[in-house]
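Chains as they are written, first to last, in numbering that gives the first Met the number 0: chain A, 0 to 110; chain B, 0 to 103; chain C, 0 to 80. Even for Gly, the Cβ is constructed at its ideal location relative to N, Cα and C.
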Amino acid sequence: MNIESRKKALRYFFEKVVGPLGFKFTPDAALVEFLLEQEVILEGKHGIPFCPCQPLRHDRTRDMQIVCPCIPFHRKHFDILKRCWCGLFVHKDVLDPAKLPQLSPKEVGIE
Amino acid sequence: MSAMNWIYVMDDAALLEGHMTPIYPLGVNIVLARVGGVVYAVSGKCVHMACPLFTGKLNGYTITCPCHDWRFDVRTGKFLDAPELSLAVYPTKSEAGRVFVNLN
Amino acid sequence: MKKTIVYTLSTCPWCRKTENFFTEHNIPFAYIDYDLADEATQKRISKEVDAAGATGFPFVKIGEEVIVGYQPERYSSALGI
Numbered sequence: 000m001n002i003e004s005r006k007k008a009l010r011y012f013f014e015k016v017v018g019p020l021g022f023k024f025t026p027d028a029a030l031v032e033f034l035l036e037q038e039v040i041l042e043g044k045h046g047i048p049f050c051p052c053q054p055l056r057h058d059r060t061r062d063m064q065i066v067c068p069c070i071p072f073h074r075k076h077f078d079i080l081k082r083c084w085c086g087l088f089v090h091k092d093v094l095d096p097a098k099l100p101q102l103s104p105k106e107v108g109i110e
Numbered sequence: 000m001s002a003m004n005w006i007y008v009m010d011d012a013a014l015l016e017g018h019m020t021p022i023y024p025l026g027v028n029i030v031l032a033r034v035g036g037v038v039y040a041v042s043g044k045c046v047h048m049a050c051p052l053f054t055g056k057l058n059g060y061t062i063t064c065p066c067h068d069w070r071f072d073v074r075t076g077k078f079l080d081a082p083e084l085s086l087a088v089y090p091t092k093s094e095a096g097r098v099f100v101n102l103n
Numbered sequence: 000m001k002k003t004i005v006y007t008l009s010t011c012p013w014c015r016k017t018e019n020f021f022t023e024h025n026i027p028f029a030y031i032d033y034d035l036a037d038e039a040t041q042k043r044i045s046k047e048v049d050a051a052g053a054t055g056f057p058f059v060k061i062g063e064e065v066i067v068g069y070q071p072e073r074y075s076s077a078l079g080i
């Protein structure tokens, strides 16, 4: 598989999903390139572009909730952070993603 | 809605209760599903990564995508975990044992 | 010096940043790449992650304190540096 062309394909699919949810690709272009590449590698390994920063539990129900973009399944958490866990996506109004902390659900009051 | 917009897609008896089938009227990718005797028509491509929904599961009014388990209501097309995302929905009608879909 | 353990994913850039933080501050630490670990290790770590109410990595333990996510200020505070 050509990694660059698959990255483009993922970008095409994901843009259409995250836009209506109030998110966009992070303005940190280097991070986008790195994370998309990791997703292509994960897709090559598992057949699915999982989040590069969340662990697979080998339980289908749980693992399907970390397929990128996983925003729909962690909406409350990510809306508080204004970013998704790995930082590939941020709220549309975010200009400086470096300022957004990476806090667990528990830390932001979600059990 | 003009009568010209209705396109014959299949015989009514060919789609069994609780089943789905793909159709491609004028090249448009659609999945038909029959629930409670009613035939529903929604886009055949998942809004996530365009996986073919007809190969997924139909449970009640819920279609589950075969690729990553994204779930949609076949009546409204809405993605159950984020209603901002939805499949296109097409009106259907059954007349004289034939199913029609309206692409407009 | 408190014992520092970092659970990471080989695909996660925030995990690399976390490791770099400890290296740059000359803090000795142990790490396990969860995705490259054996099944038994993954199960053990998975339980710890759930118990901490976490969903993602990096997962850092400094002494008894658990810090989830790339949070350099909290690492410093926990280490007293």
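- Setting aside the 5 residues that flank it on each side, P104/A is surrounded in the same chain by H76, each with a C-beta closer than 6 Å to its C-beta; the list follows chain order.
- Counting only residues of its own chain and dropping the five nearest sequence neighbours on each side, P71/C has a CB closer than 6 Å to the CB of F20.
- Across the set V89/A, K98/A, H57/A, L9/A, the C-alpha of L9/A shows the shortest separation from the C-alpha of E38/A.
- Counted as a single uninterrupted DSSP element, the alpha helix (DSSP H) harbouring D62/A occupies residues 59-62.
- Straight-line measurement puts the Cα of I66/C at about 8 Å from the Cα of Y74/C.
- Restricting attention to beta strand (DSSP E) runs no shorter than 3 residues, the region 15-76 of chain B encloses them at 19-22, 29-34, 37-42, 56-58, 61-63, 70-72, ordered along the chain.
- With 16 or more other Cβ atoms from the protein chains shown falling within 10 Å of its own Cβ, E106/A counts as buried.
- Ranked by how close their Cα comes to the Cα of P51/A, the residues I4/C, M0/C, V5/C, P12/C have P12/C in first place.
- Excluding five sequence positions before and after K6/A, the CB atoms of its chain that fall closer than 7 Å to its own CB belong to L35, E36, V39, given in chain order.
- Three or more beta-carbon pairs drawn from the region 4-18 of chain C and the region 41-58 of chain A are found closer than 8 Å, and the two stretches are therefore classed as touching.
- Of the candidates M48/B, S42/B, G76/B, the residue whose Cα lies closest to the Cα of P68/A is M48/B.
- Within the region 55-99 of chain A, complete alpha helix (DSSP H) segments of at least 4 residues are found at 59-62, 74-80, given in chain order.
- Contact note: E110/A reaches chain C through G52, using a C-beta cutoff of 9 Å and chain order.
- Taking a 10 Å sphere around the C-beta of S42/B, we find 16 or more other C-beta atoms and assign the residue as buried.
- In this structure the region 55-70 of chain B lies against the region 26-38 of chain B, because at least three pairs of beta carbons, one per stretch, are closer than 8 Å.
- Across the set C66/B, L84/B, F71/B, the C-alpha of F71/B shows the shortest separation from the C-alpha of Y39/B.
- Counting the other CB atoms within 10 Å of its CB gives G68/C a total of 16 or more, which places it among the buried residues.
- Counting C-beta atoms within 10 angstroms of its own C-beta, R43/C has fewer than 16 neighbours from the protein chains shown and is therefore classed as exposed.
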